[in-house]
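Visitor: Dropping the structure in here first, questions after.
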Amino acid sequence: NVSPVWLIGYDEPSTNQTEGYYVDPETAEYAEMLRTRPEARLLFSASRGISKEDMEKAVEYIELLKLKHNK
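In this text, residue positions in the sequence shown follow the working numbering: the first is -9, and each later residue adds one.
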């Protein structure tokens, strides 16, 4: 995308904007892992805006429930 200020010939200071949902790189990496695991896709879609630690706790809890029900 190009700003109108740039189009009329003024230099703009570059801004380092983070693309995507997650600002923290570790959280983004963990969310990507969840997104690409077929069994975790639903969890990924519900995890927008939460911290990596909260995502990890949710995954641990779900895995614990799976173990409990597979006995």
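Ideal placement from N, C-alpha and C gives every residue a C-beta, glycine not left out.
Roughly how many angstroms separate the alpha carbons of residue 17 and residue 36, rounded to a whole number?
Guide: 14 Å
Visitor: By how many angstroms is the C-alpha of residue 44 removed from the C-alpha of residue 56?
Guide: 18 Å
Visitor: Name the residue from -2, 46, -7, 39 whose alpha carbon lies nearest to the alpha carbon of residue 30.
Guide: When each option's Cα is compared against that of residue 30, the closest is 46.
Visitor: Looking only at its chain, what residues have a beta carbon closer than 8 Å to the beta carbon of residue 14, apart from the 5 residues adjacent to it on each side?
Guide: 41, 42
Visitor: Do residue 49 and residue 33 have their beta-carbon atoms positioned less than 9 Å apart in this structure?
Guide: The Cβ atoms of residue 33 and residue 49 lie closer than 9 Å to each other.
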